[in-house]
Amino acid sequence: MSAAANKFRQALASHQSGDLAAAENQYRKILAKAPLEVSVLYHLGVVLHQQAKTAEARQVLAKTVANAPDFPEAHFSLGVVLMELGRKDEAESALRRVISLRPHMQQALLRLGELLVLQEQYTEAASLLRKATQLRDSDAKAWVSLTVALRHLNLLEEAIDANNRALALNGRDDNQQAQMADLIYLLYRHDPESARQHARRWIAAFPDSAFAQHIGSGVLGLPAPDRASDSYVKKLFDNFAESFEGQLARIGYQVSDIVATMTESVGSKGDLIILDAGCGTGLAATSLRQKASRLVGVDISPRMLEKAREKGLYDELVEMELGDFLKTRKAAFDMIVVYDVFIYFGDLASILGDAAHALLPGGSLAFSVECSDEGCSYTLGPHGRYSHGKGYLMDIIKQSGLHLHKVQETVLRHEFDKAVNAFLILATKPE
Ligand SMILES: C[S@@+](CC[C@H](N)C(=O)[O-])C[C@H]1O[C@@H](n2cnc3c(N)ncnc32)[C@H](O)[C@@H]1O
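Its first residue numbered 1, the sequence shown is counted upward by one per residue in our numbering.
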């Protein structure tokens, strides 16, 4: 073995043993004498990347492929590095080059598929990701991305199958459980029977999953629990927190305006102690802040609360289940607003009682619920939200000791181009 080959072998040994700094040093020494030795350049690029020296890795890998245009591993590593640097178009070219050189390189198919999902090129992404899953059916990431691509192509049955494969590999992943909930609901709108079959299998496979339990009940029409479990709501909104405001803007949800209209009649000198119950990311805070001397928010989801905190409009933010929180605050608030939150409660008797307990005499409770049939108390829909009947609401408000002040029916938002009707209610606690 030549001296140079021996040095390279030693550098590779350092690299494989995990001594990355030593390996980098050794590769550099070899390159000082033979600057265009492409396999050494390639390994230097890899070891730089492993040490998070991403920009340097890019330079070295670009030099490698310039000198060895048919070296698939080097194009692949360059593609990965370019992705990390956010240079998506260049990454796409590099990964396409890998696949032209080595059509069955599973990781390249996966990475390009993932990239095309990000670029909303779902048809080609699905085709690449199908190949990636055929080549390695134990790759959960490939099943996850394939699910996303298929969902966007509205190939719902195939998406559910792909998601089942992802869940079989990692059933504890809340994102995939939430994905299954969405897919089954989407399918339910076109083919309720097939959705029910999938829901039964899902519940049987994951009896402990909060998502399977909750959406399964909605889709199968099983007796609805009194309210969504804490773990379902927490996981749902922790998952949703990042995209929540963007999605609500797209479906036309204007909570701040609704709150302002509904609470017009409630004192407006900026001297109220107000609770934003189930405050989420704090969308109602702007209009509430103008009325409040003290604005408190409570929510069960820490990730939603983080977003609310960033707004800097609340005096106090509490991470707690709403009913538990209200029980701790006797006669503490002039006004409690609960928007788009009771859709996760079926039976409202106990929570309205808790709200009445937390209101000061003369205080107001403003809330929204989705409308159900007149004669019905409440139902849990296949989307996982409850809706309430008007007669039930009137009875339950009376039972809680509050006086109904105003009830208004309105379109709260749109879902799949259909209006979602809601009752907006203002009730007061007697002086
Ligand atoms: C659809 S969001 C509405 C957020 C906000 N009120 C708005 O209108 O933008 C529902 C919020 O209620 C919270 N939530 C639901 N049930 C809850 C409970 N039992 N206790 C505390 N927070 C709850 C969720 O975590 C979520 O942040």
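For every residue, glycine included, the Cβ atom is placed at its ideal position computed from N, Cα and C.
- Within the model, the alpha-carbon separation for residue 429 versus residue 333 is close to 11 Å.
- When 17, 323, 256, 7 are compared, the shortest CA-CA separation from residue 34 is found for 7.
- In the DSSP assignment, residue 256 falls within the alpha helix (DSSP H) that extends over 255-262.
- A contact between stretches requires three or more CB pairs, one per stretch, nearer than 8 Å, and the segment 244-256 fails this requirement with the segment 204-223.
- Each of 174, 78, 107, 116 was checked against the Cα of residue 134, and the nearest Cα belongs to 107.
- With distances taken between CA atoms, residue 411 lies nearest to 421 out of 343, 421, 379.
- Within the DSSP secondary-structure output, residue 299 pairs in a beta bridge with 319.
- Going by beta carbons, residue 132 and residue 110 fall inside the 8 Å limit.
- Annotation for residue 321 indicates a beta carbon within 7 Å of some heavy atom of ligand 1.
- Taking a 10 Å sphere around the C-beta of residue 198, we find 16 or more other C-beta atoms and assign the residue as buried.
- Between residue 392 and residue 378, the alpha-carbon positions lie close to 8 Å from each other.
- Taking every protein chain shown into account, the CB of residue 376 has fewer than 16 other CB atoms within 10 angstroms, so this residue is exposed.
- The continuous stretches of alpha helix (DSSP H) do not include residue 105, and DSSP gives it neither H nor E.
- In this structure, the straight-line span from the alpha carbon of residue 215 to that of residue 252 is close to 24 Å.
- Inter-segment contact for the segment 303-314 and the segment 336-345 is absent: fewer than three beta-carbon pairs are separated by less than 8 Å.
- Around residue 171, the same chain offers 206 as residues with beta carbons nearer than 7 Å, after the five sequence neighbours per side are excluded.
- Annotated as proximal: residue 26 and residue 10, with beta-carbon spacing under 8 Å.
- Just so you know, the alpha carbons of residue 179 and residue 399 end up roughly 39 Å apart.
- Of the candidates 301, 255, 373, the residue whose Cα lies closest to the Cα of residue 285 is 255.
- Annotation: the continuous alpha helix (DSSP H) that includes residue 9 extends over 3-17.
- By the Cβ-count criterion, residue 382 is buried, with 16 or more other Cβ atoms from all chains shown falling within 10 Å of its own Cβ.
- Burial check for residue 388: the Cβ neighbour count within 10 Å reaches 16 or more, so the residue is buried.
- One thing to note: residue 77 has its Cβ within 8 Å of the Cβ of residue 46.
- A straight line joining the alpha-carbon of residue 287 with that of residue 269 spans about 13 Å.
- Secondary structure within the segment 17-97: the alpha helix (DSSP H) runs of 4 or more consecutive residues, fully enclosed, are 20-33, 38-50, 54-67, 72-84 (chain order).
- Taking C-beta atoms as the reference points, residue 299 and residue 319 count as a pair closer than 8 Å.
- Nearest neighbour of residue 425 by Cα position, chosen from 323, 261, 306, turns out to be 261.
- The DSSP-derived three-state label of residue 431 is coil.
- According to the DSSP assignment, residue 216 belongs to the alpha helix (DSSP H) that extends over 210-220.
- The residues 356, in chain order, have a CB closer than 6 Å to that of residue 401 in the same chain once the five nearest residues on each side in sequence are set aside.
- Spanning the alpha carbons of residue 84 and residue 57 requires a straight line of approximately 11 Å.
- For residue 413, the CB contacts under 6 Å within the same chain, skipping 5 residues up- and downstream, are 251, 252, 253, 420 in chain order.
- Counting only the Cα atoms, residue 280 lies some 17 Å from residue 324.
- A straight-line Cα-Cα distance of about 41 Å links residue 201 and residue 408.
- A Cβ-Cβ contact shorter than 8 Å links residue 160 with residue 183.
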